[in-house]
Each structure stands twice: as structure tokens, then as C-alpha cells.
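In the order they appear, the protein sequences are chains A and B.
Numbering-wise (our numbering), the first sequence opens with residue 1 and increments by one.
Numbering-wise (our numbering), the second sequence opens with residue 1 and increments by one.
Each remark here refers to the structure printed beneath this line.
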Amino acid sequence: MKDILYYFERDMLRWIRGRISVISALIMPAAWLIFVGLALPTTFSEHYIDFITPGILVLTMLGASLQGGSLLIFDKILGFLNKFLALPSSRESILLGKILFITTRGLIQATVILVLAWALGASLLSPAGILLSYGILALFGILLSAFSTTIALYLSDHDSYAAFNAMVSMPLFFTSSALMPYSVMPSWLAPIAYWNPVSFAIDAIRSLQEGVLAWTRIGGLAVLAALVVAFCVQKFRKVTV
Amino acid sequence: MTIIETSGLTKYYGDLCAVDHLDLSVGNEIFGLLGPNGSGKTTTVLMLTTLLEPTGGSARICGYDTREEAREVRRQISYVPQEMAVDIKLTGRENVAFFAKLYGIPRRDEAVDRVLSMMDLSERADDLVRTYSGGMRRRLELAQALVHEPKVLFLDEPTIGLDVAARRKIWEHIRTLKSRGMTIFVTTHYMDEADHSCDRVAILDRGRVIAVDSPSALRARVGNDIISARVRGQIGDTFPEGITHLGERDNGEIVFSTDHGSEKVPVLFHWLEKRGVSVQSISVREPTLDDVFLSLVTQREEGHGFDDHKFRTMLRRR
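Here is the structure:
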């Protein structure tokens, strides 16, 4: 199990020491919050910043997780993966280390959003609510980073990974409940949005704003994350180059 | 004592055979796998290091089967791939410590210091690898590979992309490791380097071993001397007695082998001129492994309908 931490430590050091990537990771979500949260004309909400913040939080995790898959692509192209696979330590710890790092990085970005949203006048959740939000975001990050890292294992270059990323991230975000509530969605979109895992996370956090714990949404996310991680662990155990 | 043993080891990519029934037996030695790019060297190493599943046959490292006992094999070996994969944003020491942690080595700091100094990297150990030269990065990779004291070290093209001095240094280190009892399995397409440092070499051509022996024994197979010539015109296919035509090198040199080089040069010269072939230059030298390769490949190519281009294109896709 310690191996997971060693892989995590390596990615963390590399990230922190590449200053520009840290700055970009923090500015990107802030830009979303300001331009979408404050600039979009809306009619269904008095306080759109409260409505959009959970959406931007989950969007940030989504972006961080999908972008995180490129870490494995580079490890693969540059020859690191082959060295790791030839080690006696268990191969799934490569995957679990990536999940841990990508999710942690996403949560750091989410913290920036939370602070900024508060500064922009969003109402603050209770301490328990904040903690639960982090839990929900972490589950979502685990689900998506396991998925993206495993896809990366089967793609051979960065271009195809970027194509995969673009193909997945935009539709997932725009067919979710991030930007508008179900009540104002076109009727064809509402059921799609409801079953989109991105909405699971967003709805769960929005319920927290009303002091409600949305167990079915959180449970759905947890079951999905467990299934995907179990599947991806199997894939990593059996991988050949 | 047999350290690496393969029997009938075979790898197909689709219907293309990259490694064809490889039978090797490697003892405690520096063993070189030689051949041009695309001859199946890397594929072989990937199978031996448990990274690639063979299509057929089997391989054992220190008695452990690469398929059935992969984890145990990985405990015995270290693998340094062709690509120079070291983290440039980490220091040399951090790079090695990372591997030491993954190997779960007791008394980690001592082990890291030991391999860093073994590879002459102690002074620069705390600098970021970004500032290292190519040769230093390769030595750092060796340090990573050595930190758990493996019994067998697999090196895939360890000197590729390095300057002459750095290459010499890498080979010196490899020989030192051998003298400490390690078995080294190295691939290279630089025949001269293998000639100097390997105890035995296997020459691989299109996935098949076409010769295994010590470099000197292989050189002896092509005769005492090599005559190489540049000519204009068709040289035909009969030659004076005691002179064997080995083939033409990529650079256009025609290569002959003979037992008495300096005596045969004038004989060959007149023979060629008499047949209307104008000789531009001619010289005698000692045989190299390149000549061995040329002679072995030429023999094989005769009457061989093989789609060379397709084969190499397929292999490069890997």
C-alpha cells in the first residue's frame, strides 16, 4: 500500500516544481466561476452564483480528472511506465497512486473555487456541509481519474488522448445539471442530465445547500466509483505493453 | 550456471513474426543481443522482463518462468529501457530514492548513497536532473536499476544518443558490474561496442538468431582479413581462389574476406580491372562484427522471398 504514496509523492513533486502548471490549475476554474457565474444572464435564479458554484466545483474535478489521464500517457511515451511495470511492486498501485494524486490536485483547485465563490458573495455551507462536499467531489474525482487513467493505458500518444478528452468532457458537462435546473431544461435533455454521473455529484452538493443529504445521488456515485475502480485495477494487473 | 534460458520464444504481432523461436542460454556474463533496428531485440527484452506476453515458447530467469512467476522474475531483474526515463524536475538522489522505496529496500539512504557513488554521481546528487548531461542521466538510470542489487540487468540500447566518451564510460560501468557477479543482458545495434565488451553475442536478424558465440570466434568465421573496395561497374559472381564475396554494405562498399589480405589485394584488383570494373579504392583491414553480420545476412537472403519493408514498418509501429 505504501507504493501508492510513493507514486503519489513523485507526481506531487513534479507538479509543484512546475510552477506554471500550478498557476494555470488555479486560474482556470477561477475564470469559469467569474465569467459563467457572474456574466450569464439568468431568469430562474435570484442568486445565480449559489446555483452555479456546485456546477463549477464539479466541472473543475471533471477537468482535473480528465486532464490527469495525460500523466499516464507521458509516463508511457517517455518510458517510465515500462520501468514501473518491471518492478516487483504491485501494478495496481500505479493506478491508485495516479487516482490519489489527480483527486488531491482536483480538491486543491476546488478549494480555490470555494474561497473565490465566498468572496464573490455566495452563501457559505455549514462546516459539515463543506466536509461532505469534499467527500462528494473526492468520489467523483476517483471515478473519473480511474476512468481516464485506464483509457490512457490503452492509447498510444498524446494526440489521441487529447481527442478522447475533448470528446468526453464537453458532452458530459453540457448534458449535466451544472448550468440550469431540470425544470428549465428542454424535455429531451432532462432525463439524460438526470442519469449523467456529473449531475449525481452536482445534485448531491446542491442538496447540501438546502441542508438535505441526497443519499441516492451519493450512493449512486459511490457504487459507480467502486465498480469502475475495481474494473480498472483488473486492467492494470493484467497489462502488457 | 544458466541465468536466462529461452526455448522456442516467439512473438507475433498479428500475422507478423517479430521474434521467431528464440533459443538462448545465458550464463553469468555480459551477453549482447545484436542486430539492426527492427530485428526484434526490444521485443525479446520486453518478453524477458515480463512486460510482454510471448505468443509461444517460454523463458526462465534465475529458474523462474516469466509467465507463471512474473513477480519473482521482477524481483531478480532490473530493466533500463531505451528511452531515457528520469524525472528532470527531481534531483538525482530523489530519482534513485523513489526506486529504492518502491523496491522496499531496508536502510534506504545507505543504498542510495552507495549506487550514486558507484555511478560517479555523488557530487551532483542533489542537483535537479534537468541540469544533467545525457551520459549522467543514463548513469542515473543505472543507479536506479542497481539500487536493489538485481541478479540480472537488462539494458536496451544503453549507449544510444550518447557521445563517444559517455559511451565508453557506460561500458566501463557495465564491465565493473559483471566483475561483481551480475549478469548483464544488453541489446545494441553498435556492433563495435559489443565486440569490445560482450563475453558472448547473439546476432539477430528479422527475429531469428543467426549466430551465437564470442565476438572473436564470430570474427574468425569470416577469415583473417577483410578487403573492402569501392568500384564502378558490375562485379559479377565469380572471384579468384581464396577470396570470398561477403556482400555490399549500406555505404556502397563491397566486402570480401580472405586469409591473406595484403597478397590478395593485387590479385583482386587485376581480376576486377580485367573484367571492366574500375576500382576507385581498395583496402585491407581486420574483420569486425559488421562483416560477420553482412556475411550471415547475405547467405540468408539468397532465394528468400521476404517483404523486408513491410516487416520493418510493422515493427516500428510498436
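Each residue gets a CB set at the ideal place from its N, CA and C atoms; glycine is no exception.
Simplified DSSP state of residue i, which is helix, strand or coil
{"i": "F154(B)", "result": "strand"}
{"i": "H47(A)", "result": "coil"}
{"i": "G305(B)", "result": "Its pLDDT being 44, under 50, G305(B) is placed unreliably by the model, and nothing is read from it."}
{"i": "D202(A)", "result": "What sits at residue 202(A) in the sequence shown is Ile, not Asp. Helix."}
{"i": "D195(B)", "result": "helix"}
{"i": "I203(B)", "result": "strand"}
{"i": "K264(B)", "result": "helix"}
{"i": "K238(A)", "result": "coil"}
{"i": "E141(B)", "result": "helix"}
{"i": "A165(B)", "result": "helix"}
{"i": "C232(A)", "result": "helix"}
{"i": "D225(B)", "result": "strand"}
{"i": "R318(B)", "result": "Summary for R318(B): the model assigns pLDDT 48, below 50, so the residue's position carries little reliability; its value from the coordinates is reported in the next sentence. Correct three-state label for R318(B): coil."}
{"i": "T6(B)", "result": "strand"}
{"i": "Y190(B)", "result": "coil"}
{"i": "L153(A)", "result": "helix"}
{"i": "H158(A)", "result": "helix"}
{"i": "A163(A)", "result": "helix"}
{"i": "A324(B)", "result": "In the structure as shown, chain B starts at 1 and stops at 318, and residue 324(B) therefore has no counterpart that could be examined."}
{"i": "Q82(B)", "result": "coil"}
{"i": "Q280(B)", "result": "strand"}
Check whether residue i and residue j have beta carbons under 8 Å apart
{"i": "A85(B)", "j": "V147(B)", "result": "no"}
{"i": "A143(B)", "j": "L121(B)", "result": "yes"}
{"i": "I398(B)", "j": "I184(B)", "result": "Since the first and last residues shown for chain B are 1 and 318, residue 398(B) lies out of range."}
{"i": "V152(B)", "j": "I61(B)", "result": "yes"}
{"i": "S65(A)", "j": "G97(A)", "result": "no"}
{"i": "K169(B)", "j": "G135(B)", "result": "yes"}
{"i": "R10(A)", "j": "F154(B)", "result": "no"}
{"i": "I218(A)", "j": "G55(A)", "result": "no"}
{"i": "L57(A)", "j": "L137(A)", "result": "yes"}
{"i": "I49(A)", "j": "G68(A)", "result": "no"}
{"i": "V19(B)", "j": "G40(B)", "result": "yes"}
{"i": "L289(B)", "j": "A194(B)", "result": "yes"}
{"i": "L24(B)", "j": "I3(B)", "result": "no"}
{"i": "H158(A)", "j": "I102(A)", "result": "no"}
{"i": "A30(A)", "j": "V112(A)", "result": "yes"}
{"i": "T44(B)", "j": "I77(B)", "result": "no"}
{"i": "A146(A)", "j": "V229(A)", "result": "yes"}
Nonlocal neighbours in the same chain, by C-beta distance under 6 Å from residue i, ignoring five residues either side
{"i": "A125(B)", "result": "G92, R93, L116"}
{"i": "N196(A)", "result": "T175, S176"}
{"i": "R130(B)", "result": "I88"}
{"i": "L172(A)", "result": "V198"}
{"i": "R285(B)", "result": "I226"}
{"i": "R137(B)", "result": "M84, V86"}
{"i": "D75(A)", "result": "L81"}
{"i": "F306(B)", "result": "Confidence at F306(B) is low in this model, with a pLDDT of 47, below 50, so the placement of that residue should be treated as unreliable; the coordinate-derived value is given next. Closer than 6 Å at the Cβ level, and outside the excluded window around F306(B), lies no residue."}
{"i": "R317(B)", "result": "Confidence at R317(B) is low in this model, with a pLDDT of 49, below 50, so its placement is unreliable and no value can be given for it."}
{"i": "A122(A)", "result": "I49, D50, T53"}
{"i": "F239(B)", "result": "H245"}
8 Å CB neighbourhood of residue i in its chain, flanking five on each side removed
{"i": "D291(B)", "result": "R219, V222, I226, L246, V255, S257"}
{"i": "G57(B)", "result": "T6, S7, G8, L9, T10, H21, L22"}
{"i": "A193(A)", "result": "T175, S176, S177, Y182, M185, S199"}
{"i": "G52(A)", "result": "What sits at residue 52(A) in the sequence shown is Ile, not Gly. Within the same chain, I52(A) has close Cβ partners L33, V36, G37, L40, A178, L179."}
{"i": "E141(B)", "result": "V80, M84, A85, V86"}
{"i": "L125(A)", "result": "S133, L208, Q209"}
{"i": "G181(B)", "result": "N28"}
{"i": "V22(A)", "result": "W15, I16"}
Amino acids of chain C, ordered along the chain, whose beta-carbon sits closer than 9 Å to that of residue i
{"i": "D3(A)", "result": "The structure shown contains no chain C; the protein chains it does contain are A and B."}
Nearest-angstrom Cβ-Cβ length linking residue i and residue j, presumed shorter than 8 Å
{"i": "L62(A)", "j": "L144(A)", "result": "6 Å"}
{"i": "H189(B)", "j": "G32(B)", "result": "About 10 Å; that fails the 8 Å criterion."}
{"i": "T149(A)", "j": "L51(B)", "result": "T149(A) to L51(B), Cβ: 18 Å. No contact."}
{"i": "A204(A)", "j": "L221(A)", "result": "7 Å"}
{"i": "E253(B)", "j": "S228(B)", "result": "5 Å"}
{"i": "G161(B)", "j": "C17(B)", "result": "Not really, about 29 Å apart at Cβ, beyond 8 Å."}
{"i": "A152(A)", "j": "S45(A)", "result": "Going by Cβ atoms, the distance from A152(A) to S45(A) rounds to 38 Å, so no, they are not a contact pair."}
{"i": "L100(A)", "j": "C232(A)", "result": "Incorrect: roughly 13 Å between the Cβ atoms, too far for contact."}
{"i": "L296(B)", "j": "R14(A)", "result": "So it is not a contact: roughly 46 Å between Cβ atoms."}
{"i": "P158(B)", "j": "V186(B)", "result": "6 Å"}
{"i": "R200(B)", "j": "D213(B)", "result": "6 Å"}
7 Å CB neighbourhood of residue i in its chain, flanking five on each side removed
{"i": "S93(A)", "result": "D3, I4, Y7"}
{"i": "M1(B)", "result": "G27, N28"}
{"i": "H304(B)", "result": "Any reading at H304(B) must be qualified, since the residue scores a pLDDT of 44, below 50, and its modelled position is unreliable; no value is offered."}
{"i": "F140(A)", "result": "V58, M61, A201, L221"}
Are the stretch 272-283 of chain B and the stretch 227-242 of chain B touching by the rule of at least three beta carbon pairs closer than 8 Å?
yes
At least three beta-carbon pairs within less than 8 Å, the stretch 122-130 of chain A to the stretch 84-92 of chain A:
no
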